[in-house]
Every structure is written in structure tokens, then in C-alpha cells.
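Peer 1:
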Amino acid sequence: VAPASSHSLARLASMKLNLANPATGCQKMIDLEDDKKLGIFMEKRLAAEVEADALGDEFKGYVLKIMGGQDKQGFPMKQGVLTKDRVRLMLSKGEQCCRGYGMRKGERYRKSVRGCIIGHNISVLHCIIVKKGPEELPGLTDKSIPRRLGPKRASKLRKLFNLTKDDDVRKFVIRREVPSKEEGGKPRDSKAPKIQRLVTPVTLQRKRARMGIKKTRQIKAKVEAAEYAKMLAVRSKEAKEKKMDKISQRKSQRDSQRKDE
33 VAPASSHSLA
43 RLASMKLNLA
53 NPATGCQKMI
63 DLEDDKKLGI
73 FMEKRLAAEV
83 EADALGDEFK
93 GYVLKIMGGQ
103 DKQGFPMKQG
113 VLTKDRVRLM
123 LSKGEQCCRG
133 YGMRKGERYR
143 KSVRGCIIGH
153 NISVLHCIIV
163 KKGPEELPGL
173 TDKSIPRRLG
183 PKRASKLRKL
193 FNLTKDDDVR
203 KFVIRREVPS
213 KEEGGKPRDS
223 KAPKIQRLVT
233 PVTLQRKRAR
243 MGIKKTRQIK
253 AKVEAAEYAK
263 MLAVRSKEAK
273 EKKMDKISQR
283 KSQRDSQRKD
293 E
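Counting from 33, one number per residue, gives the positions in the sequence shown under our numbering.
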């Protein structure tokens, strides 16, 4: 086997680490080129927790959880595929690594995915901070980015603000200011989402109307079924009487023929 060139070795020992902190909403990309730093991730699987002390003094006490990654050609890692290599799997719409744009119901495609074990072919690794260390990480833990949008559903708003059913949810909707087009100008307006599943007098009235229509349909169906059964009984009785008349006519004809003989 021919020895690997210095250029290929340099390519093997490089990886981008995408770190995210769910507590603050911050995200940061780090380039790793040291074999010792890369070594803590090698042979690990997705969803594994890794102590990040080897990444530097500022990472002491931090624990990272591996959430995903892509290889050098951009193919994503898939949980449950226990290999380092790339494989081709039959995937349907909605599965991991298959967005399914343009796919019909029940249709499956053969897609290329990378296994869930980390090797030298991985170029980007996505991790989240599970445990925070004593030191702050600039750009990750020293600041927090507020959520741009709040909850939209009425039950989730009640859960967030610990409201009862008597409280008006519309007063607790998180509004956001729309910035002005001119620099340094006042904000134009504030926007708020339309509350979903909100019970109002109008919705209750519509529900009563729907239930009333449903009830009238049920009563109408019962009445029509009773009328139909009555009509069937009358017709069957008439048919039975006709049949009995015919039988009696035949019997009387036979009796008259016998008397003539």
C-alpha cells in the first residue's frame, strides 16, 4: 500500500465543530485541526455525551452531546446505522435524512446516508452543551438571544404564564416590534400572532349550530327509517294477501273442476 501524502493527512485531521447552547440560544462554529482534540469524538456514536476538557482550558467541566453531522460530500449521519461508511437505504417521506419533496404517499427513494459512528470522513459535527463548566465561553454562554416568537396556541400560553381558564389569554400574547425602514427611526408597529384554539362566544355559537344541525339530521334519519320500515311492512302484507288470494282462487278452480267431472 502506498504511503498517504501529507496533503491527505492534513485533510483527515480537520473537522468543524458546530456548538449550540439551548439555554441561551447562541451558536458557534469551531475549527478542529489537532488530533488530540479530534480523538475525543472518534468512534463515538450519535447521541453520545463527551467531556470537552481536551478542547481547551475554557472547556473544562463542559459536557457536549453529539446531535448529528455531515461527511465531506455533504451526506448526513443517520441514527441506527451502525457503521462509519456511507450506505444507500430505502427511505420514505418524513423519515430522518429524507425530506420527501415531491414524493407521493407510500413512495420510497434510495438515499445515501453516513452511519452513526464518527470517523475521519466527517467534516462537520453538531453538538449541544449539556453541562456548563465554571468558565464562560465567549459567544455561547456569556450572552443570551431572546426567542423572536412566542407560543401561539391558547393552551401553551396558559402553561407558559400559569393562567387559569378564567384569565383572558389575549392580554398575554408576546408582541414584537416591527423596526422602521429608516435608520434610528421609531418602530413602525407591533405584531402578535393569531391565537389558535381560542374559545370565544362566536366559536361556542358555531359549535352549538353544528351540534343542532347534527341532531336534526339524526332525528330526520330516525323518522325516515321508521317510515320506510312501516312502508315495507305494508307492502309485505299486501304481497302476502295477494299471494293468499291467488292460492284461494286456484283452490276454488280445482274444486269446481272436480265437481264438474
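Every residue gets a Cβ at the ideal spot worked out from N, C-alpha and C, and that includes glycine.
Among the residues of its own chain, which have a CB less than 8 Å from the CB of residue 140, if the five just before and after it don't count?
Peer 2: Excluding residues within five positions, the ones whose Cβ falls inside 8 Å are 122, 123 and 124.
Peer 1: Would you kindly check if the distance between the Cβ of residue 100 and the Cβ of residue 78 is under 8 Å?
Peer 2: Closer than 8 Å, so yes.
Peer 1: Per DSSP, which one or two residues make a beta bridge with residue 158?
Peer 2: Looking at the DSSP assignment, residue 158 forms a beta bridge with 50 and 100.
Peer 1: Taking just the CA atoms, how far does residue 182 sit from residue 224?
Peer 2: Those two C-alpha atoms are separated by around 9 Å.
Peer 1: For residue 140, name the three-state secondary structure that DSSP assigns.
Peer 2: Of the three classes helix, strand and coil, the one that applies to residue 140 here is strand, per DSSP.
Peer 1: Are there 16 or more other CB atoms within 10 angstroms of the CB of residue 221, so buried, or fewer, so exposed?
Peer 2: Its Cβ having fewer than 16 others within 10 Å, residue 221 is exposed.
Peer 1: I think residue 110 touches residue 151, with their Cβ atoms under 8 Å apart; what is that distance to the nearest whole Å?
Peer 2: The Cβ separation is near 14 Å, so there is no contact.
Peer 1: Do the CB positions of residue 187 and residue 104 come within less than 8 Å of each other?
Peer 2: For residue 187 and residue 104, no; Cβs fall outside 8 Å.
Peer 1: Taking the alpha-carbon positions, what's the residue 98 to residue 159 distance?
Peer 2: Answer to the nearest angstrom: the Cα atoms are 5 Å apart.
Peer 1: Could you pull out every residue in the same chain whose Cβ sits closer than 7 Å to the Cβ of residue 229, ignoring the five residues on either side in sequence?
Peer 2: So the qualifying residues of the chain are 185, 186 and 187.
Peer 1: Taking residue 174 as the reference, give the member of 48, 56, 52 and 219 with the closest Cα.
Peer 2: It is 56 whose Cα lies nearest to the Cα of residue 174.
Peer 1: State yes or no: is the C-beta of residue 94 within less than 8 Å of the C-beta of residue 177?
Peer 2: In this structure, residue 177 does not lie closer than 8 Å to residue 94 by Cβ.
Peer 1: How about residue 171 and residue 60: do their beta carbons lie closer than 8 Å?
Peer 2: Cβ atoms of residue 171 and residue 60: closer than 8 Å.
Peer 1: Quick test of your reading: residue 113 and residue 148, contact by CB under 8 Å. State the CB separation rounded to the nearest angstrom.
Peer 2: Indeed, because the Cβ distance is near 5 Å, the residues count as touching under 8 Å.
Peer 1: Report the three-state DSSP secondary structure of residue 44 (helix, strand or coil).
Peer 2: Summary for residue 44: the model assigns pLDDT 46, below 50, so the residue's position carries little reliability; its value from the coordinates is reported in the next sentence. In the structure shown, residue 44 sits in a helix (DSSP, three-state: H, G or I).
Peer 1: Am I right that residue 165 and residue 91 are in contact with their C-beta atoms under 8 Å? What's the rounded C-beta distance?
Peer 2: Sure, about 7 Å apart at Cβ, within 8 Å.
Peer 1: Name the two residues that bound the continuous alpha helix (DSSP H) containing residue 125.
Peer 2: Taken as a continuous stretch (DSSP letters only), residue 125 belongs to no alpha helix (DSSP H), as it is neither H nor E.
Peer 1: State the Cα-Cα distance for the pair residue 246 and residue 226, rounded to the nearest angstrom.
Peer 2: Spanning the two alpha carbons is a distance of roughly 29 Å.
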